[in-house]
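**Q** Can you keep this structure in mind? I'll have questions shortly.
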């Protein structure tokens, strides 16, 4: 009888130890699963990371693409990089963006809004990466700022790619790196992650035929080619035509959409005001009141070097009438048929 009881208690002890071990193992797996899920669902667009768009790294250093940087020495240090897929956008940020800007007098709030607007116009034409470093790798000489912070020599960086279709960030690389998140050259991402740019290259090649159909209309058109910062400037992106147009002195520039009717006829439609106007109330265009569907002018191709512009003016849907009837090419409201010549071509 005593032997049987000893066997019974031995069986109970084995079962208890087994259950305890299973419970401990389940706890550990559960903990690991939770950690993995936290990493997988990181969202650098969360409101708690709100920060400004900029092209300026410091007073003497400019990036060649738009960025957003978040720095909190108790949390993390990361930069979101918007890398253009197409040559036209790359040229815009590198060659045109700072053309008429005084870097020493930049209004960073206005700059951020302007960059965000430009990105949203062609959001699918950017590859978005995030270069992330945990706060545990951050060191500082004085305080917590982008000027004083540097990385531990054992720093580990994580690089994420933003999938716009799934609206999720994906970790694509981890590396030991002394590189700070504010990388100024898009070359770094194109060299290290070329596969994210291959598909767009094929799309560009497939649109060559479409763009060639519009070749006659693409370029800068003016009355006088010697006058700078004026004229009708038309470009093409994947067969879609757009551009900028100076209205009347003092120069008020607007972004436009150019829609093809047939081989020689095009409609011009208003998109938005291109830049901050001179400080005069009559130069401010209320975007919300201007129709985006009514054509503001028409273009007719006369030859490879001449087009005819028929100007109608902007259509204000609030007052139900046209405004800006006088254009930059004529100071007479009745003279709205103008022949323009091509001053330069866009490749």
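Residue numbers (the numbering used here): -18 to 328. Note that beta-carbon positions come from the ideal geometry of N, C-alpha and C, so glycine has one too.
Rounded to whole angstroms, what is the Cα-Cα separation between residue 165 and residue 75?
**A** 11 Å
**Q** Mind checking residue 139: buried by the 16 CB within 10 Å criterion, or exposed?
**A** buried
**Q** With C-beta atoms as the reference, is residue 250 less than 9 Å away from residue 276?
**A** Result yes, Cβ atoms of residue 250 and residue 276 sit closer than 9 Å.
**Q** Are there three or more Cβ pairs, one per stretch, closer than 8 Å when the stretch 96 to 113 is compared with the stretch 123 to 134?
**A** Not touching, per the Cβ criterion.
**Q** Around the C-beta of residue 298, are 16 or more other C-beta atoms found within 10 angstroms, so that it is buried, or is it exposed?
**A** exposed
**Q** At which residues does the beta strand (DSSP E) containing residue 311 begin and terminate?
**A** Counting along the chain, residue 311 falls outside any beta strand (DSSP E), and DSSP gives it neither H nor E.
**Q** Would residue 121 be called buried (16 or more neighbouring beta carbons within 10 Å of its own) or exposed?
**A** exposed
**Q** Please report how far the alpha carbon of residue 24 lies from the alpha carbon of residue 272, in whole angstroms.
**A** 36 Å
**Q** Decide if residue 106 is buried, meaning its Cβ has at least 16 other Cβ atoms within 10 Å, or exposed.
**A** buried
**Q** Between which residues of its own chain and residue 93 is the CB-CB distance below 6 Å, once the five residues before and five after are set aside?
**A** 33 and 34
**Q** Helix, strand or coil, according to DSSP, for residue 87 in the structure here?
**A** In the three-state reduction of the DSSP assignment, residue 87 falls in the coil class.
**Q** How would you label residue 321, buried or exposed, when you count the other beta carbons within 10 angstroms and need 16 or more for buried?
**A** By the Cβ-count criterion, residue 321 is buried, with 16 or more other Cβ atoms from all chains shown falling within 10 Å of its own Cβ.
**Q** Just how far apart, CA to CA, sit residue 325 and residue 223?
**A** 16 Å
**Q** Among 48, 64 and 59, which one has its Cα closest to the Cα of residue 172?
**A** 64
**Q** Alpha carbons only, please: which of 163, 123 and 148 is nearest the one belonging to residue 58?
**A** 163
**Q** Nearest to residue 158 by CA position, among 112, 176 and 143, is which residue?
**A** 112
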